[in-house]
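Student: If you scroll down you'll find the structure; I have some questions about it.
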Amino acid sequence: IMADAILNSKLSLARAGGIRVDVSASIPVELAVSDIDLCVIIGNLLDNAIEASVRLPEGERMLRGYIEMKKNRLYMSFTNLTADKKLRKENGRFRSSKSGMHGFGLLRVDSIVEKYGGYLSRNSEDGAFTTEVLLPV
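The sequence shown lines up with residues 4 to 140 when you count with my numbering.
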């Protein structure tokens, strides 16, 4: 219920920002991951995707996401178009482009994925950014 509420809230914000949204989500009722941890992951990844997308002209904004079961793991993938060129990693991580006290969302996502023994992958290309997460159920 909490994940559904976060998804609907964030996707409504994306649509209000003129972002074309293509999201499919099927989340089992019972998971090894807490509702709060799942919502932190989904919320942070969607917030980042929305922030990056709104810097594009309105007709070019796009966010695509999938949340579904793959064997015995919950698979999440979020891709957004961005005005940025391919980002470089520093010390194995993408550096936040935000100034001040920002950029902690991805660290929280990383720690949650690690806590559950999951897998996380981020990929930056010219004009697009993708994050994939696998979590045991």
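Note that CB positions come from ideal geometry on N, CA and C, so glycine has one too. All figures in this text were calculated on a predicted structure; none of them were measured in a lab.
On the criterion of 16 or more Cβ atoms from any shown chain inside 10 Å, does D40 qualify as buried, or is it exposed?
Tutor: Here residue 40 is taken as the residue at index 37 of the sequence shown, counted from 1. With 16 or more Cβ atoms within 10 Å of its Cβ, D40 is classed as buried.
Student: A55 to S12, Cα distance in whole Å?
Tutor: Position 52 of the sequence shown, counted from the start, is the residue given in the question as residue 55. Position 9 of the sequence shown, counted from the start, is the residue given in the question as residue 12. Whole-angstrom Cα-Cα distance: 17 Å.
Student: Please state whether DSSP places M104 in a helix, a strand or coil.
Tutor: As a first step, residue 104 is located in the sequence shown; it is residue number 101 there, counting from the start. Residue placement at M104 is flagged as unreliable, the pLDDT there being 45, under the threshold of 50; a coordinate-derived value is accordingly withheld.
Student: Which residues in the same chain as G46 place their Cβ atom closer than 7 Å to its Cβ, once the five residues preceding and following it in sequence are excluded?
Tutor: Here residue 46 is taken as the residue at index 43 of the sequence shown, counted from 1. Contacts found: I9, K13.
Student: By the DSSP assignment, the beta strand (DSSP E) with L66 in it spans what residues?
Tutor: Position 63 of the sequence shown holds residue 66. That run of the beta strand (DSSP E) goes 65-73.
Student: What is the residue span of the beta strand (DSSP E) that D25 lies within?
Tutor: Residue numbering aside, residue 25 sits at position 22 when the sequence shown is read from its first letter. Note, D25: beta strand (DSSP E), 23-28.
Student: Could you compute how far the alpha carbon of L66 sits from the alpha carbon of R23?
Tutor: One-based indexing of the sequence shown puts residue 66 at position 63. One-based indexing of the sequence shown puts residue 23 at position 20. Straight-line Cα distance between these residues: approximately 6 Å.
Student: Ends of the alpha helix (DSSP H) at S37?
Tutor: Here residue 37 corresponds to residue number 34 of the sequence shown, with the count starting at 1. Element bounds for S37: n/a, residue is neither H nor E.
Student: For L137, which of L48, N75, G130 has the nearest alpha-carbon?
Tutor: What you label residue 137 is simply residue 134 of the sequence shown in a count that begins at 1. Nearest of L48, N75, G130 to L137, Cα basis: N75.
Student: Give the DSSP-derived three-state secondary structure of A86 in the structure shown.
Tutor: Locating residue 86 in the sequence shown gives position 83, where the first residue counts as 1. Of the three classes helix, strand and coil, the one that applies to A86 here is coil, per DSSP.
Student: Excluding the five sequence neighbours on either side, which residues of its own chain have a C-beta within less than 8 Å of the C-beta of T85, listed in chain order?
Tutor: On the sequence shown, position 82 is the one that residue 85 refers to. Correct list, in chain order: A55, S56, R58, L59, G130, A131, F132.
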